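One structure below.
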Amino acid sequence: MGKTKGFAAQSASAPLAAWEFDRREIGARDVSVDISYAGICHSDIHQVREEWGPAKFPMVPGHEIMGTVAAVGKDVTEFKVGEPVGVGVYVDSCRKCENCQSGESHQCLEGMTQTYNDFARDGKTLNFGGYSKNIVVDADYVMRVPANLDPTGVAPLLCAGITVYSPLRHWGAGPGKNVAVMGLGGLGHMAVKFAAAMGANVTVLSHSDSKKADALALGAHAFVNTHDEAALGALTKTQDIIINTVSADVDIDRFLKLLKLNGTLVIVGLPGKPAPINAGSLLEMRRSLAGSMIGSIKETQEMLDFCGKHNIVSDVEVIDADYINKAYDRVVNSDVRYRFVIDTVTI
Ligand code: NAP
Ligand code: ZN
Ligand code: ZN
Numbered sequence: 226m227g228k229t230k231g232f233a234a235q236s237a238s239a240p241l242a243a244w245e246f247d248r249r250e251i252g253a254r255d256v257s258v259d260i261s262y263a264g265i266c267h268s269d270i271h272q273v274r275e276e277w278g279p280a281k282f283p284m285v286p287g288h289e290i291m292g293t294v295a296a297v298g299k300d301v302t303e304f305k306v307g308e309p310v311g312v313g314v315y316v317d318s319c320r321k322c323e324n325c326q327s328g329e330s331h332q333c334l335e336g337m338t339q340t341y342n343d344f345a346r347d348g349k350t351l352n353f354g355g356y357s358k359n360i361v362v363d364a365d366y367v368m369r370v371p372a373n374l375d376p377t378g379v380a381p382l383l384c385a386g387i388t389v390y391s392p393l394r395h396w397g398a399g400p401g402k403n404v405a406v407m408g409l410g411g412l413g414h415m416a417v418k419f420a421a422a423m424g425a426n427v428t429v430l431s432h433s434d435s436k437k438a439d440a441l442a443l444g445a446h447a448f449v450n451t452h453d454e455a456a457l458g459a460l461t462k463t464q465d466i467i468i469n470t471v472s473a474d475v476d477i478d479r480f481l482k483l484l485k486l487n488g489t490l491v492i493v494g495l496p497g498k499p500a501p502i503n504a505g506s507l508l509e510m511r512r513s514l515a516g517s518m519i520g521s522i523k524e525t526q527e528m529l530d531f532c533g534k535h536n537i538v539s540d541v542e543v544i545d546a547d548y549i550n551k552a553y554d555r556v557v558n559s560d561v562r563y564r565f566v567i568d569t570v571t572i
């Protein structure tokens, strides 16, 4: 493949800047993808800033990748040059363990190989992500994008989308179910779109009053400002499923109380610090507290097909690459409606 251009952080304290690096040659089972758009996930920021612990630099973040097939290896029959495709949070796994074999390779027992901030399976080649012009990925970890979807809004589906689609499906969101979404950011706005499309009754729990009109326009049936104790209290014992997408520390007990009998609060937001929980909040109403991490390649393809059918994409603000550092600050300030997407022409 040779040299490609990207945007990289050279350390946790350095701003992201233009950087040239090598992509591997296309192997027999590889797909070379020309990247059109790369989403900015809050996880990119957590990792660049080492909020999840020591990271690997230089770091080219980006695990929400929308592009087109530029070339395929000799043993790839399932993708054709020019086809729209996506790449998400992981690009390999052991393929042999129980979870890989059962189609849950994102929960690989040896650990999935992440798209960036991780070594390839050889344990020494550093992977570089989607804030770049192109990427080479094994065909088994590339997904097909329905042709009817607006490509500008597709990239965020590959992480934000699947991360909320998977628990909504797993915990049975649908008609007759009350679903609350904590935090209306990249993940949260996709959760609202999906839960509404699945037929659930959706409530947004947000600390930003200015997002009320958007929440309702996205498909929510109700909006509660989490600073409003009385409004939050009125939801006590009403919700079947709560998806917590908040990127900062929250008092989980306050929200567990909103679950009805046998309800589940699923944590997908990952601020990186432990949070205390009162056991009493779980005992009452036989509540469950769960976590969920992205979704498998198989389920991500299912989610993309669901998006194709329902014409769902992310609401995005398309930016030039030299705006990335500013965009990071705006994401941290909950000031994004609802995902920044880098136009890679500007890299
Ligand atoms: P985001 O766009 O920044 O959205 C996070 C939302 O959380 C904000 O829009 C805001 O919503 C709320 N929030 C932020 N700071 C807050 C504070 N101090 N107090 C209360 N609410 C606050 O982030 P994202 O990209 O959606 O990611 C959300 C989290 O999920 C991140 O921690 C990310 O690392 C994690 N994540 C996990 C997975 C997984 O596999 N589980 C995958 C992707 C991302 P309001 O303004 O509406 O309150
Ligand atoms: Zn992500
Ligand atoms: Zn495995």
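In this text, residue positions in the sequence shown follow my numbering: the first is 226, and each later residue adds one. Glycine is no exception: its CB is placed at the ideal position from the N, C-alpha and C atoms. Since this is a predicted model, take the numbers as computed values, not measurements.
Boundaries of the beta strand (DSSP E) in which residue i is found, first to last residue
{"i": "Pro568", "result": "It should be noted that the sequence gives Asp, not Pro, for residue 568. First-last of the beta strand (DSSP E) with Asp568: 564-568."}
{"i": "Glu245", "result": "242-248"}
{"i": "Phe353", "result": "Here Phe353 belongs to no beta strand (DSSP E), and DSSP marks it neither H nor E."}
{"i": "Met518", "result": "Taken as a continuous stretch (DSSP letters only), Met518 belongs to no beta strand (DSSP E), as it is neither H nor E."}
{"i": "Arg404", "result": "The sequence given here has Val at residue 404, not Arg. Element bounds for Val404: 403-407."}
Endpoints, the alpha helix (DSSP H) within which residue i is located
{"i": "Gly542", "result": "In the sequence as displayed, the identity of residue 542 is Glu instead of Gly. Element bounds for Glu542: not the alpha helix (DSSP H) but the beta strand (DSSP E), 541-544."}
{"i": "Tyr262", "result": "Not the alpha helix (DSSP H): Tyr262 falls in the beta strand (DSSP E), residues 255-264."}
{"i": "Lys551", "result": "549-557"}
{"i": "Ala385", "result": "385-395"}
{"i": "Leu430", "result": "No alpha helix (DSSP H) holds Leu430; the beta strand (DSSP E) holding it covers 426-431."}
{"i": "Ala421", "result": "411-422"}
{"i": "Ser238", "result": "No alpha helix (DSSP H) holds Ser238; DSSP gives it neither H nor E."}
{"i": "Asn324", "result": "323-326"}
{"i": "Val535", "result": "The sequence shown places His at residue 535, rather than the Val named in the question. 522-535 is the span of the alpha helix (DSSP H), which, as asked, contains His535."}
Per DSSP, cross-strand counterpart(s) of residue i
{"i": "Pro309", "result": "Thr293"}
{"i": "Asp363", "result": "Asp255"}
{"i": "Gln339", "result": "Tyr315"}
{"i": "Thr229", "result": "Phe246"}
{"i": "Arg369", "result": "Val310"}
{"i": "Phe344", "result": "Leu351"}
{"i": "Glu276", "result": "Gly278"}
{"i": "Ser435", "result": "In DSSP, Ser435 forms no bridge with anything."}
{"i": "Ser513", "result": "Thr489"}
CA-to-CA distance, residue j to residue i, given in whole angstroms
{"i": "His288", "j": "Gly313", "result": "5 Å"}
{"i": "Ala420", "j": "Gly348", "result": "39 Å"}
{"i": "Ala438", "j": "His452", "result": "17 Å"}
{"i": "Arg564", "j": "Ile544", "result": "10 Å"}
{"i": "Asn550", "j": "Gln526", "result": "31 Å"}
{"i": "Pro381", "j": "Pro496", "result": "19 Å"}
{"i": "Leu409", "j": "Gly328", "result": "30 Å"}
{"i": "Gly411", "j": "Leu430", "result": "14 Å"}
{"i": "Glu250", "j": "Gly354", "result": "16 Å"}
{"i": "Ile522", "j": "His432", "result": "33 Å"}
{"i": "Thr489", "j": "Cys266", "result": "25 Å"}
{"i": "Ser257", "j": "Pro309", "result": "12 Å"}
{"i": "Asp343", "j": "Met337", "result": "9 Å"}
{"i": "Cys384", "j": "Ala239", "result": "25 Å"}
{"i": "Ile360", "j": "Asn352", "result": "10 Å"}
{"i": "Tyr390", "j": "Ala280", "result": "28 Å"}
{"i": "Asp547", "j": "Ile567", "result": "9 Å"}
{"i": "Ile467", "j": "Val556", "result": "22 Å"}
Integer Cβ distance of residue i from residue j, believed to fall under 8 Å
{"i": "Tyr341", "j": "Pro286", "result": "6 Å"}
{"i": "Asn536", "j": "Asn373", "result": "7 Å"}
{"i": "Pro283", "j": "Ala243", "result": "Not a contact, Cβ separation roughly 12 Å."}
{"i": "Gly307", "j": "Ile290", "result": "Between Ile290 and Gly307 the Cβ distance is about 17 Å, and since that is not below 8 Å, they are no contact."}
{"i": "Gly626", "j": "Asp255", "result": "Residue coverage of the chain in this structure runs from 226 to 572, which leaves residue 626 outside it and unanswerable."}
{"i": "Asp478", "j": "Ile502", "result": "6 Å"}
{"i": "Ile387", "j": "Glu303", "result": "So it is not a contact: roughly 20 Å between Cβ atoms."}
{"i": "Asp259", "j": "Ala295", "result": "4 Å"}
{"i": "His331", "j": "Gly520", "result": "6 Å"}
{"i": "Lys358", "j": "Thr229", "result": "5 Å"}
{"i": "Ala445", "j": "Val427", "result": "5 Å"}
Chain D within 8 Å of residue i, Cβ atoms only
{"i": "Asp560", "result": "No chain D appears in the structure shown, which is made up of a single protein chain."}
Any non-hydrogen atom of ligand 5 within 7 Å of residue i CB
{"i": "Val389", "result": "Ligands present in the displayed structure are limited to ligand 1, ligand 2 and ligand 3, and ligand 5 is not among them."}
**Q.** Segments of 3+ residues assigned as beta strand (DSSP E) that fall wholly inside the region 444-509
**A.** 447-450, 464-469, 484-492
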